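Report on one structure; see the data block that follows.
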Amino acid sequence: MIKDQGVTNLTDALKNVPGVGAFYTGENGSSTTGDAIFMRGVDTSNSIYVDGIRDIGSVTRDTFNTQQVEVIKGPAGTDYGRSAPSGSINMISKQPRLDSGIDGSASIGSAWSRRGTLDLNQAFSDNAAFRLNLMGKKPMTLVGTALKTNAMASHRRWPSP
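Given below as structure tokens:
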């Protein structure tokens, strides 16, 4: 669903989830605090996890390396310890598969903002594989100079001894 809808960040990925919303408090509808996500009216900014590890950064989380987004509603303290009483969000990273393949995307938006991704998966044997995800973007700005963002994520899969 992430790829089908052209989702590029966590806020967009949660638009179809009932009871979950993003409130933009910044100028022109932009968030100045990154992902400002609320569940059932309660701020869940401190209850966002990546592969089960708490991610408390005040950033807009890109989904170029995300396979799926899990939304757990209700008090999740028994699962993750400290969390919001309304629930938590867990972003699952893409993992290597035992088949080889390549995928990519490119987009151009208003004011010539650009974004490109590359997803490379390489199987080496029946039980070993490597996956590399690359992303680059140049968003639009109001002052004429653009901030460039580049990201890379890699995962390896090896047999257990």
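Read in full-length UniProt numbering, the sequence shown has 119 at position 119, and its numbers run on one by one without any break.
Think of the CB as a built atom: it goes at the ideal place given N, C-alpha and C, for glycine as much as any other residue.
For clarity, every value in this text was computed on a predicted model and none was experimentally measured.
Inset, instruction - Keeping to the same chain, check which residues put their C-beta closer than 7 Å to that of Thr-44; ignore five residues upstream and five downstream. - result: Ile-37, Phe-38, Ala-84, Ser-86, Gly-87, Ser-88, Ile-89
Legend entry - Anticipated Cβ contact below 8 Å, Lys-94 with Thr-60, distance rounded: Going by Cβ atoms, the distance from Lys-94 to Thr-60 rounds to 19 Å, so no, they are not a contact pair.
Legend entry - Reduced DSSP category for Leu-14 - H, G, I as helix; E, B as strand; rest coil: coil
Inset, instruction - With DSSP as the reference, please indicate the residues paired to Gln-122 in a beta bridge. - result: Phe-130
Legend entry - Close Cβ partners of Val-42 (< 8 Å) along its chain, the five nearest in sequence each way excluded: Ala-84, Pro-85, Ser-86
Inset, instruction - Measure how close the beta-carbons of Thr-11 and Phe-64 come, nearest whole angstrom, since I'm counting them as under 8 Å. - result: The C-beta distance from Thr-11 to Phe-64 rounds to 15 Å, too long to meet the 8 Å contact threshold.
Inset, instruction - Closer than 7 Å by C-beta to Asn-46: which residues in its own chain qualify, once you throw out the five before and the five after it? Chain order, please. - result: So the qualifying residues of the chain are Ile-56, Ala-84.
Legend entry - Bounding residues of the beta strand (DSSP E) (the contiguous stretch that carries Val-59): Counting along the chain, Val-59 falls outside any beta strand (DSSP E), and DSSP gives it neither H nor E.
Inset, instruction - Tell me whether the beta-carbon of Arg-114 lies closer than 9 Å to the beta-carbon of Ala-106. - result: yes
Inset, instruction - Could you please give the first and the last residue of the uninterrupted beta strand (DSSP E) stretch that includes Ile-108? - result: 101–108
Legend entry - Beta-bridge pairing of Gln-68 - partner residues as DSSP gives them: Residue pairing from DSSP places Gln-68 in a beta bridge opposite Ile-92.
Inset, instruction - Could you tell me if Lys-137 is buried or exposed, where buried requires 16 or more neighbouring beta carbons within 10 angstroms of its beta carbon? - result: Looking at its Cβ environment, which holds 16 or more other Cβ atoms inside 10 Å, Lys-137 is buried.
Inset, instruction - Compute the Euclidean distance between the alpha carbons of Ile-72 and Ile-108, then round it to the nearest angstrom. - result: 34 Å
Inset, instruction - Can you say whether Asn-127 is buried or exposed, counting buried as having 16 or more other CB atoms within 10 angstroms of its CB? - result: exposed
Inset, instruction - Using three-state DSSP, classify Ala-22 as helix, strand or coil. - result: strand
Inset, instruction - Please state if the CB of Ser-58 and the CB of Gly-34 are separated by a distance shorter than 9 Å. - result: Contact flag set, yes.
Legend entry - Range of the contiguous beta strand (DSSP E) that encloses Ile-48: Start and end: 48–50.
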